[in-house]
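Engineer:
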Amino acid sequence: MEFIKPDIHINFVGLRKIGYLVSGALIAITFVLLIARGGPNYGVDFAGGVLIQVRFNQQVTTHEIRDALRAIAMGDSFIQRFGEKDESEYLIRVSRGDIELSGLDKEVNQALNSAFGEQNVEVRRVEMVGPKIGKDLTEKALFAIFYAMLFMVIYISGRFEYKWTVSIIMAASLAFGAYIVASVGLSVLWLIAVALLITIGMCWFLKLEYALGAIIALFHDVIITMGAFALTDREITLPIVAALLTIVGYSLNDTIVVFDRIRENFRRYRGRNLPELINRSINETLSRTVLTSVTTLIVVVCLFILGGGVIHDFAFALLIGVIVGTYSSIFVASPILLLWSGTQWEAGGAQSKRRGKKR
Amino acid sequence: MSKKLKWRGLIVLVVLVIALIYLLPSLSTTLPAWWPNILPEDKIHLGLDLKGGMHLILEVQVQKAVESHLERMVEDIKQSLRKAKIRYQELKRSGPDRIELILLRREDIKAVEEMASDTFSDMSVEIGSLSEGLPRVELILSQQAQHHIKKMAVDQAVETITNRIDQFGVTEPDIRPQGMDRILVQLPGIKDTQRAIDLLGKTAQLEFKLVDEENSVEEALKGTIPPGDEILYQMKGEAGYQTKIPFLLKKRAVLTGEYLTDARVQIDSQYNEPYVSLTFDSRGARLFEQITGANIKKRLAIVLDNVVNSAPVIQDRIAGGRAQITGRFTMEEAKDLAIVLRAGALPAPVKIIEERTVGPSLGKDSIDKGLKATLIGGLIVILFMAFYYKFAGILADLALLLNMVLIGAGLAFFGATLTLPGIAGVILIIGMAVDANVLIFERIREELRLGKTPRAAVDGGYSKALSTVLDANITTLIAALVLFQFGTGPVKGFAVTLSIGIIASLFTAIVITRLIFDYLIIERGWRKISI
Numbered sequence: 147m148e149f150i151k152p153d154i155h156i157n158f159v160g161l162r163k164i165g166y167l168v169s170g171a172l173i174a175i176t177f178v179l180l181i182a183r184g185g186p187n188y189g190v191d192f193a194g195g196v197l198i199q200v201r202f203n204q205q206v207t208t209h210e211i212r213d214a215l216r217a218i219a220m221g222d223s224f225i226q227r228f229g230e231k232d233e234s235e236y237l238i239r240v241s242r243g244d245i246e247l248s249g250l251d252k253e254v255n256q257a258l259n260s261a262f263g264e265q266n267v268e269v270r271r272v273e274m275v276g277p278k279i280g281k282d283l284t285e286k287a288l289f290a291i292f293y294a295m296l297f298m299v300i301y302i303s304g305r306f307e308y309k310w311t312v313s314i315i316m317a318a319s320l321a322f323g324a325y326i327v328a329s330v331g332l333s334v335l336w337l338i339a340v341a342l343l344i345t346i347g348m349c350w351f352l353k354l355e356y357a358l359g360a361i362i363a364l365f366h367d368v369i370i371t372m373g374a375f376a377l378t379d380r381e382i383t384l385p386i387v388a389a390l391l392t393i394v395g396y397s398l399n400d401t402i403v404v405f406d407r408i409r410e411n412f413r414r415y416r417g418r419n420l421p422e423l424i425n426r427s428i429n430e431t432l433s434r435t436v437l438t439s440v441t442t443l444i445v446v447v448c449l450f451i452l453g454g455g456v457i458h459d460f461a462f463a464l465l466i467g468v469i470v471g472t473y474s475s476i477f478v479a480s481p482i483l484l485l486w487s488g489t490q491w492e493a494g495g496a497q498s499k500r501r502g503k504k505r
Numbered sequence: 184m185s186k187k188l189k190w191r192g193l194i195v196l197v198v199l200v201i202a203l204i205y206l207l208p209s210l211s212t213t214l215p216a217w218w219p220n221i222l223p224e225d226k227i228h229l230g231l232d233l234k235g236g237m238h239l240i241l242e243v244q245v246q247k248a249v250e251s252h253l254e255r256m257v258e259d260i261k262q263s264l265r266k267a268k269i270r271y272q273e274l275k276r277s278g279p280d281r282i283e284l285i286l287l288r289r290e291d292i293k294a295v296e297e298m299a300s301d302t303f304s305d306m307s308v309e310i311g312s313l314s315e316g317l318p319r320v321e322l323i324l325s326q327q328a329q330h331h332i333k334k335m336a337v338d339q340a341v342e343t344i345t346n347r348i349d350q351f352g353v354t355e356p357d358i359r360p361q362g363m364d365r366i367l368v369q370l371p372g373i374k375d376t377q378r379a380i381d382l383l384g385k386t387a388q389l390e391f392k393l394v395d396e397e398n399s400v401e402e403a404l405k406g407t408i409p410p411g412d413e414i415l416y417q418m419k420g421e422a423g424y425q426t427k428i429p430f431l432l433k434k435r436a437v438l439t440g441e442y443l444t445d446a447r448v449q450i451d452s453q454y455n456e457p458y459v460s461l462t463f464d465s466r467g468a469r470l471f472e473q474i475t476g477a478n479i480k481k482r483l484a485i486v487l488d489n490v491v492n493s494a495p496v497i498q499d500r501i502a503g504g505r506a507q508i509t510g511r512f513t514m515e516e517a518k519d520l521a522i523v524l525r526a527g528a529l530p531a532p533v534k535i536i537e538e539r540t541v542g543p544s545l546g547k548d549s550i551d552k553g554l555k556a557t558l559i560g561g562l563i564v565i566l567f568m569a570f571y572y573k574f575a576g577i578l579a580d581l582a583l584l585l586n587m588v589l590i591g592a593g594l595a596f597f598g599a600t601l602t603l604p605g606i607a608g609v610i611l612i613i614g615m616a617v618d619a620n621v622l623i624f625e626r627i628r629e630e631l632r633l634g635k636t637p638r639a640a641v642d643g644g645y646s647k648a649l650s651t652v653l654d655a656n657i658t659t660l661i662a663a664l665v666l667f668q669f670g671t672g673p674v675k676g677f678a679v680t681l682s683i684g685i686i687a688s689l690f691t692a693i694v695i696t697r698l699i700f701d702y703l704i705i706e707r708g709w710r711k712i713s714i
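So the sequences go chain by chain: A and B. Here the first sequence is numbered in my numbering, starting from 147 and rising by one per residue. Here the second sequence is numbered in my numbering, starting from 184 and rising by one per residue.
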């Protein structure tokens with residue numbers, strides 16, 4: 147069986163302007179959403195606070211819960227329906243900065259017990275994160291992102307370009323940048339921003355076009371996934387950061403497969419122009435790209451639908467990430483290779499189209 | 184069979200047998216009796232989010248330990264000064280790390296310096312400005328000593344909490360220090376979480392303090408607390424409707440919980456109410472006898488964590504070293520109080536700064552739903568592969584199943600913990616593991632289209648796809664390893680299954696399916712492969 151016929155020839159490079167437009171629009175929407183909401187919607191892991199998951203044995207409305215919580219002056223808590231439709235299960239997020247967090251779950255439990263009857267209330271999960279731990283976890287997550295970036299950049303620039311010296315220079319300049327940021331006393335968020343700028347700058351300067359394409363593609367994927375989270379009002383928690391890093395891995399995985407083929411074809415068909423080689427390579431690997439995406443999507447959709455409430459957002463992140471990652475390796479990463487000497491290839495591209503027709 | 188093929192077959196066989204041996208204890212409930220003697224019997228650990236239970240991070244208020252050390256030092260210095268016949272106006276702790284001493288004569292400064300270097304070597308003496316014309320000296324605790332006290336406080340707190348949990352009865356608790364001043368406590372399967380929190384969080388500082396009978400509480404409440412005294416309260420009534428009764432007490436505790444050897448719950452025969460009976464060691468008993476003998480008709484307050492429990496009037500000298508704490512306890516409260524008193528006081532108060540509790544029913548739900556998603560997702564992928572690649576697809580499916588076995592065995596072998604995100608990792612691996620085979624199969628198809636023989640196509644397909652397969656998996660492995668390093672609890676579980684899964688899928692895709700292809704083509708002489 148074949149989904150994609152071997153002789154398929156779609157002019158992806160020709161479609162790249164549409165790709166840029168779509169990607170640009172999605173990223174712009176993400177930024178608008180994030181700015182409008184005053185930054186990502188951080189969960190208790192990072193923002194601190196108390197999260198309580200309660201199941202009721204009877205149908206209860208958000209309104210009734212709010213009334214019950216008003217008795218202990220927590221009527222402004224965030225209350226959200228959770229899990230399957232037929233179950234009366236809720237997430238209650240209490241965030242009151244002025245009081246001691248520990249013991250808060252007990253108070254909420256008592257308030258719910260007295261409102262709905264003790265036998266009807268089951269507290270299934272409590273997550274209390276103090277401000278200090280929240281700060282620690284944020285730092286840890288950001289460091290994880292930084293180191294993942296560092297190692298990936300080293301690996302990509304070394305492996306793709308067969309220039310391990312270059313990748314050592316890259317690592318050294320990143321480490322130097324990190325040292326400067328740390329010694330000035332800036333936060334980890336700045337560290338990541340600086341590292342990103344250094345990486346892109348170095349890629350540009352050292353003409354590491356493959357590495358640049360891969361890195362832009364993976365940031366593209368992560369940003370758009372964040373946008374999907376902002377759009378659907380989901381919280382960024384620790385497992386979501388894990389999902390984002392997994393998306394980074396997956397996105398690179400997809401990009402690498404296409405890039406490997408471009409490199410191989412580049413050696414085989416010396417002298418042909420780049421747009422044609424890129425098109426050829428994307429088409430040759432298209433069957434694999436689609437197939438892997440399909441199998442991965444099958445399992446992620448299963449997880450999303452059947453995995454239960456606790457893992458729902460995690461599965462959602464993976465779902466968006468896999469879709470966007472597949473798209474970006476075709477429409478974003480590869481055409482970026484053309485950005486280098488754009489006009490030169492443009493002319494070549496026109497030629498190749500004509501040649502393609504003649505064949 | 185060719186020699187090379189035989190060797191590869193043997194390696195695969197050995198790996199699979201070892202994997203099965205590690206996996207079996209987790210799958211079977213009844214192992215043969217001889218099994219644990221020679222073979223591993225560890226099951227795959229389930230994380231708290233699957234098993235249900237409580238995860239806490241406590242912060243030991245180590246600064247308090249330093250402060251109470253300084254308070255004790257004040258008493259010691261007082262005695263030394265008395266012995267050396269040095270008179271002073273004031274001696275008190277004046278900061279987080281220092282004691283202030285105001286002398287009457289300048290000449291005594293030298294004597295104090297000598298005393299400090301002889302007896303209190305971890306304190307340095309600093310001569311301060313005059314205080315209303317009198318010489319002022321500050322004794323400062325060295326950084327090193329502070330550090331030592333803090334470390335000791337955390338160590339002792341871990342020990343005390345471990346004792347309490349052991350007596351409370353939790354299976355497989357995990358209690359360990361974390362960083363400078365934190366303690367990680369994991370209590371799997373615990374149901375009454377609030378009770379556990381109360382049990383852990385209580386400092387359980389038991390003190391006996393004399394009531395100041397010469398001065399009135401009313402006067403003290405107005406603001407003039409006599410020197411050496413303090414006001415503490417007794418709580419009366421039900422929760423929510425409590426009244427506070429003030430007591431004026433001598434600040435110095437005449438006896439503390441340190442001298443306890445035992446604390447037990449007993450039932451009062453008259454009112455049928457539980458109380459906690461205390462037994463002191465011989466030193467404590469002697470002290471108790473002295474104090475009661477010297478203070479007949481005065482009141483002695485029993486103070487627990489700075490709250491007055493009761494303040495009975497001493498009727499007579501009490502010998503034998505026994506006392507009791509009464510109150511309107513429930514049986515459970517009395518039991519827990521006995522536990523914390525027996526286990527000893529925490530060297531400093533602790534504060535809960537992170538709590539994550541998962542109820543047993545939610546844990547079970549998560550396992551059920553996770554398994555369901557894995558099974559259904561896996562089944563669809565298996566059918567899809569068999570449908571798309573025919574025979575080769577079935578090979579990939581076989582690889583997938585072996586992959587699952589290897590992941591399970593890997594978890595058992597490394598003693599890793601399976602968490603809910605970990606299950607998600609397994610599901611993700613199902614989708615991604617076939618990727619390696621897809622890459623290879625697509626290459627073989629390409630080679631076949633070029634008109635190569637099956638043998639050449641398989642050879643070419645594997646060798647050409649290999650570098651891509653490795654590249655693609657290494658990037659995900661990098662992400663997984665970074666997550667492992669920086670992740671906590673559940674996320675770490677995800678990183679572990681992902682890493683093991685990637686390595687396992689490389690093995691099954693590159694070694695096992697290849698072996699079967701080679702066997703069929705070289706040994707069985709297949710002329711055509713269905714792919």
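For glycine and all other residues, C-beta sits at the position ideal for the given N, C-alpha and C.
Between which residues of its own chain and ASN255(A) is the CB-CB distance below 6 Å, once the five residues before and five after are set aside?
Structural biologist: Within the same chain, ASN255(A) has close Cβ partners VAL269.
Engineer: Taking Cβ positions only, does MET147(A) come closer than 7 Å to chain B?
Structural biologist: Yes - at least one Cβ of chain B is within 7 Å of the one on MET147(A).
Engineer: Taking only runs that begin and end inside the region 271-316 of chain B, name each unbroken alpha helix (DSSP H) of 4 or more residues, in chain order.
Structural biologist: DSSP runs (the alpha helix (DSSP H)) wholly in the region 271-316 of chain B: 291-302.
Engineer: Out of ARG365(B), ILE373(B), THR343(B), THR345(B), point me to the one whose CA is closest to LEU231(B)'s CA.
Structural biologist: Ranking ARG365(B), ILE373(B), THR343(B), THR345(B) by Cα distance to LEU231(B) puts ILE373(B) first.
Engineer: Is there contact here, the region 582-589 of chain B with the region 159-178 of chain A, by at least three beta-carbon pairs under 8 Å?
Structural biologist: Short answer: they don't touch.
Engineer: Taking DSSP as the reference, what is the three-state secondary structure of ARG482(B)?
Structural biologist: Reduced to three states, the DSSP call for ARG482(B) is strand.
Engineer: With 7 Å set as the bound, which would you pick, yes or no: does the beta-carbon of GLU273(A) sit closer than that to a beta-carbon of chain B?
Structural biologist: By this cut-off, GLU273(A) is an interface position.
Engineer: For the beta strand (DSSP E) containing GLU246(A), list its first residue and its last residue.
Structural biologist: Careful: GLU246(A) lies outside any beta strand (DSSP E) and carries neither H nor E.
Engineer: Against MET363(B), what residues of chain A qualify as contacts under a CB-to-CB distance less than 8 Å, listed in chain order?
Structural biologist: The premise fails here: MET363(B) is roughly 12 Å from chain A at the closest Cβ pair, so nothing lies under 8 Å.
Engineer: Could you work out which residues of chain A lie near GLN377(B), taking near to mean beta carbons separated by less than 7 Å?
Structural biologist: Under the 7 Å cutoff, chain A gives LYS252.
Engineer: Hey, which unbroken runs of the alpha helix (DSSP H) at 4 residues or more fall wholly within the region 391-472 of chain A?
Structural biologist: As far as the region 391-472 of chain A is concerned, its whole alpha helix (DSSP H) runs of at least 4 residues are 420-452.
Engineer: Is the region 167-186 of chain A touching the region 451-462 of chain A in the sense that three or more CB pairs, one from each, lie closer than 8 Å?
Structural biologist: Contact fails: fewer than three Cβ-Cβ distances are below 8 Å.
Engineer: Looking at the strands, I want to know which residues DSSP matches up with ILE450(B).
Structural biologist: ILE450(B) pairs with PRO457(B).
Engineer: Within 10 angstroms of the Cβ of ARG513(B), are there 16 or more other Cβ atoms? Answer buried if so, exposed if not.
Structural biologist: Per the sequence shown, the amino acid found at residue 513(B) is Thr instead of Arg. It is exposed - the Cβ of THR513(B) has fewer than 16 other Cβ atoms within 10 Å.
Engineer: Can you tell which of GLN388(B), LEU431(B), TYR416(B), ASN478(B) has the C-alpha that lies nearest to the C-alpha of LEU487(B)?
Structural biologist: Closest option to LEU487(B), Cα to Cα, is GLN388(B).
Engineer: Starting from ASP153(A) and walking both ways along the alpha helix (DSSP H), at which residues does that stretch end?
Structural biologist: Unbroken run through ASP153(A): none, as it is neither H nor E.
Engineer: Between which residues of its own chain and ASP367(A) is the CB-CB distance below 7 Å, once the five residues before and five after are set aside?
Structural biologist: Within the same chain, ASP367(A) has close Cβ partners ILE393, SER397, GLY467, VAL470, GLY471, SER474.
Engineer: Do GLY304(A) and ALA662(B) have their C-beta atoms within less than 7 Å of each other?
Structural biologist: Contact flag unset, no.
Engineer: I want to see whether chain A comes within less than 7 Å of PHE471(B), judged by CB atoms only; does it?
Structural biologist: Output row for PHE471(B): interface = no.
Engineer: Once DSSP output is grouped into helix, strand and coil, what is the label at ILE501(B)?
Structural biologist: ILE501(B): coil per DSSP, three-state reduction.
Engineer: Using C-beta distances below 7 Å, list every residue in its chain close to PRO604(B), excluding the 5 sequence neighbours before and after it, in chain order.
Structural biologist: So the qualifying residues of the chain are PRO673, VAL674, GLY676, PHE677.
Engineer: What are the complete alpha helix (DSSP H) segments, minimum 4 residues, inside the region 386-449 of chain B?
Structural biologist: With a minimum length of 4 residues, the continuous alpha helix (DSSP H) runs that stay inside the region 386-449 of chain B are 400-404.
Engineer: In chain A, which residues lie with their C-beta within 8 Å of the C-beta of ASP642(B)?
Structural biologist: By Cβ distance, chain A contributes nothing, its closest Cβ being about 17 Å from ASP642(B), past 8 Å.
Engineer: In chain order, what residues of the same chain have a beta carbon less than 8 Å from the beta carbon of SER682(B), not counting five sequence neighbours either side?
Structural biologist: Within the same chain, SER682(B) has close Cβ partners LEU660, ALA663, LEU664, PHE667.
Engineer: In whole angstroms, what separates the C-alpha of ARG505(A) from that of VAL197(B)?
Structural biologist: Confidence at ARG505(A) is low in this model, with a pLDDT of 36, below 50, so the placement of that residue should be treated as unreliable; the coordinate-derived value is given next. Approximately 54 Å between the Cα atoms of the pair.
Engineer: List the endpoints of the continuous alpha helix (DSSP H) containing GLN326(B).
Structural biologist: Taken as a continuous stretch (DSSP letters only), the alpha helix (DSSP H) holding GLN326(B) covers 326-351.
Engineer: Starting from PRO532(B), find everything on chain A with Cβ-Cβ shorter than 8 Å and list it in chain order.
Structural biologist: Simply none; closest approach about 12 Å.
Engineer: Taking the CB atoms as reference points, tell me whether ILE310(B) and VAL341(B) lie closer together than 7 Å.
Structural biologist: It is not a contact, given that the beta carbons lie outside the stated cut-off.
Engineer: Quick one: list the residues of chain A neighbouring SER650(B), beta-carbon separation under 8 Å, in chain order.
Structural biologist: Ordered by position in chain A, the residues that pass the 8 Å Cβ test against SER650(B) are ASP406.
Engineer: Does any CB atom of chain A fall closer than 7 Å to the CB of VAL617(B)?
Structural biologist: Yes, VAL617(B) lies at the interface with chain A (some Cβ there is under 7 Å from its Cβ).
Engineer: Based on Cα-Cα distance, which residue from ILE414(B), PHE624(B), LYS392(B), THR345(B) lies nearest to GLU402(B)?
Structural biologist: Checked all of ILE414(B), PHE624(B), LYS392(B), THR345(B); the closest Cα to GLU402(B) is ILE414(B).
Engineer: Applying the criterion that 16 or more other CB atoms from any shown protein chain within 10 Å of the CB defines a buried residue, is LYS552(B) buried or exposed?
Structural biologist: Buried: at least 16 other Cβ atoms inside 10 Å.
Engineer: Apart from the five residues just before and just after ALA461(A), which ones in its own chain have a Cβ nearer than 7 Å to its Cβ?
Structural biologist: So the list reads VAL446, LEU449, PHE450, GLY453, once near-sequence residues are dropped.
Engineer: Starting from THR540(B), follow its DSSP beta bridges and name the residues at the other end.
Structural biologist: According to DSSP, THR540(B) bridges with VAL272(A), MET237(B).
Engineer: The alpha helix (DSSP H) spanning GLN738(B) covers which residue range?
Structural biologist: As displayed, chain B neither begins before 184 nor continues past 714, which places residue 738(B) out of reach and without an answer.
Engineer: With 7 Å as the C-beta to C-beta threshold (strictly closer), list the residues of the region 562-582 of chain B near chain A in chain order.
Structural biologist: Listed by position, the residues of the region 562-582 of chain B near chain A (Cβ gap below 7 Å) are ILE563, VAL564, PHE567, PHE570, TYR571.
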